[in-house]
Structure formats: structure tokens, C-alpha cells
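Just below is one structure, and these are the notes that go with it.
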Amino acid sequence: MAKLGGKYPAKAIKTLKSTATRITKFNNRKIDGKGVYTIYVVAMKREGGKETELAKSIVGIVAGGKDAKYTNVRSITLKTKTLSVAAGASAKIKAKTVRVDKKKKLADKKTKEFRYASSDNSIATVDENGNVTGVKAGTCKVYVYSKNGLAKAVSVTVK
Numbered sequence: 003m004a005k006l007g008g009k010y011p012a013k014a015i016k017t018l019k020s021t022a023t024r025i026t027k028f029n030n031r032k033i034d035g036k037g038v039y040t041i042y043v044v045a046m047k048r049e050g051g052k053e054t055e056l057a058k059s060i061v062g063i064v065a066g067g068k069d070a071k072y073t074n075v076r077s078i079t080l081k082t083k084t085l086s087v088a089a090g091a092s093a094k095i096k097a098k099t100v101r102v103d104k105k106k107k108l109a110d111k112k113t114k115e116f117r118y119a120s121s122d123n124s125i126a127t128v129d130e131n132g133n134v135t136g137v138k139a140g141t142c143k144v145y146v147y148s149k150n151g152l153a154k155a156v157s158v159t160v161k
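With the working numbering applied, the sequence shown corresponds to residues 3 to 161, in that order.
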């Protein structure tokens, strides 16, 4: 976790034993809920003193709940939850966001409103604009991520 534009610490700032947490301090300072933060999570497993990386998150751009100018995405609405394309053909994913506070803007103009990732690029690829291209027959999921890291999945079938 870092203030927007800052650097990530090389060491863990919180060790979890469950799937949810609340971070109240960063760099020994209380988080006041004002400002915009970037959050990046790396899941690690510790066995016998040795750490192994299990997974990494996308970078989330999160506005503090007390920030005067910026807000976060509450939810993502997909026009369709399933997509079917032929190998070599393309289709576009259409999505909208619902903001926590409709009067405020989303933070960080440099980050697109949505980011996309395919669970299997050998089946279907997706570009930065949400255009899904079939590669070969099969099924996979394409994930649509908002700026703050919320995600929705589209099931893709390539014929």
C-alpha cells in the first residue's frame, strides 16, 4: 500500500489469517481516510521458514472514505455475462460502474476505468479496450476490473 504515486514497501505491512482485513496504519502513521492510495497484494505461504509466492493482485487505486474529491466503484454491471465468438473473431465486453458517491470523481486519471484479463490466453485474448478475440475452441473467463480492484467475470466460449 502506498499513497498514489508512492513506492511500495518491500516488506509485508500486514500478515493475514483470514480473507478480509482492515489496514489502519501505514509506515507507522494512522490512515486518516483522506487521499488516494494504491494497493497491491501478494499472497505468500510460509513453510519451515521459507516463503513461497502464491498469487499477485492487480494494482487497486482506492480513495479514502473521507476524501473530498474522489470516490470508489461500488459495483460493476455487465451488459452480458456470457460471450460466444468464433476462433479469429472478436466481440466487445460492455460494462458500467456504479460509484459509491455519484457526486465525486473516480481517482487517478491515468488508469483506465476498466482493465481486462483472460484466464486462458490460449483460448481467448482481451485487449485494453475489452475486445475479446477467440484463439481456439474452448472456454475461459475474462475478468473486468474497476480502478479499485473490484472484478466481474464474463464466461467466454470460443467455437
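Beta carbons are placed, not taken as given, at the ideal position from N, Cα and C, and that holds for glycine.
The secondary-structure analysis by DSSP pairs I60 with nothing; it has no beta-bridge partner.
Comparing alpha-carbon positions, the option among G140, T84 and T159 lying closest to A97 turns out to be T84. Residue pairing by DSSP places E115 in no beta bridge whatsoever.
A direct Cα-Cα distance of roughly 22 Å separates K58 from N131.
Collapsing the DSSP output to three states places A89 in a strand.
The Cβ neighbour count for K112, taken over all protein chains shown within 10 Å, is under 16; the residue is labelled exposed.
Using a C-beta cut-off of 8 Å, the segment 129-145 makes no contact with the segment 67-82, since fewer than three inter-stretch Cβ pairs fall below that distance. Straight across, the Cα-Cα distance linking K149 with K114 is about 7 Å.
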